[in-house]
Structures are given as C-alpha cells and as structure tokens.
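So the sequence shown is numbered by the numbering used here: it starts at 110 and just counts up by one.
This report refers to the structure that appears directly beneath it.
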Amino acid sequence: MDLEKQQAKERLKVLEKKMKFLGLYDAPAMLVIGLGLFSKFGHDPASLHPLLADTNLVNGALAIAVPWALICAYKSVKLSLEAHKLKKLVSL
C-alpha cells in the first residue's frame, strides 16, 4: 500500500509539471484571442497595431487560436481529473 502511495505522489508531481507547461502553451492562444476580440469589437483596432485592421488576418488567427485553446482546456481538464483521483488515493 505504501508503494502505491509513493507512485501516486510521483505521478502527481509529473501531472503538476504538465499542468504548468500546459498553461505556458495556452498563453499565446489566449493573447491572440484577446487581440482578435479587440480587433472585432474594439473602436479602432489599428490604434493598437495596423495588422489588426485586416479582417482576413484576424479571422485566420482566431481560426487557429480558438481550437488551440480548446485543446489546451480539454487536456487541462483531463489532467485535473487524474490529479484529483490521485490526491484522493494519497490522502487515504
């Protein structure tokens, strides 16, 4: 039983490290989504950067960033559920 708890603790550390890296992978997508929404709904998108006035570029960036963010969110939920199960096992 003690061996199982030790393995669960090690796996939990690995999961926490993966979660940190997943947050780093997700950050650029969130920035692009924020800029895209500013470009779509902002008063003057060219005031921030001239490329934000190009709707084709913004739509293309959003078409890449939104699925990227959704995949990161899916993986984050999956890792969180596994970490929750391991925390229950360790606390027993």
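In this text, a Cβ means the ideal position worked out from N, Cα and C, and glycines have one as well.
Quick check: what's the CA-CA separation for residue i versus residue j?
i	j	result
residue 121	residue 113	12 Å
residue 184	residue 174	15 Å
residue 142	residue 195	33 Å
residue 178	residue 129	15 Å
residue 200	residue 166	50 Å
residue 154	residue 140	15 Å
residue 137	residue 115	35 Å
residue 163	residue 176	21 Å
residue 134	residue 126	13 Å
residue 131	residue 172	20 Å
Which residues in the same chain have their Cβ closer than 8 Å to the Cβ of residue i, if we skip the five residues on either side of it in sequence?
i	result
residue 124	188, 191, 192 and 195
Since residue i contacts residue j with CB under 8 Å, what's their CB separation in whole angstroms?
i	j	result
residue 157	residue 147	7 Å
residue 145	residue 170	6 Å
In its own chain, which residues sit with a C-beta less than 6 Å from the C-beta of residue i, not counting the 5 before and 5 after it?
i	result
residue 161	148 and 154
residue 198	117
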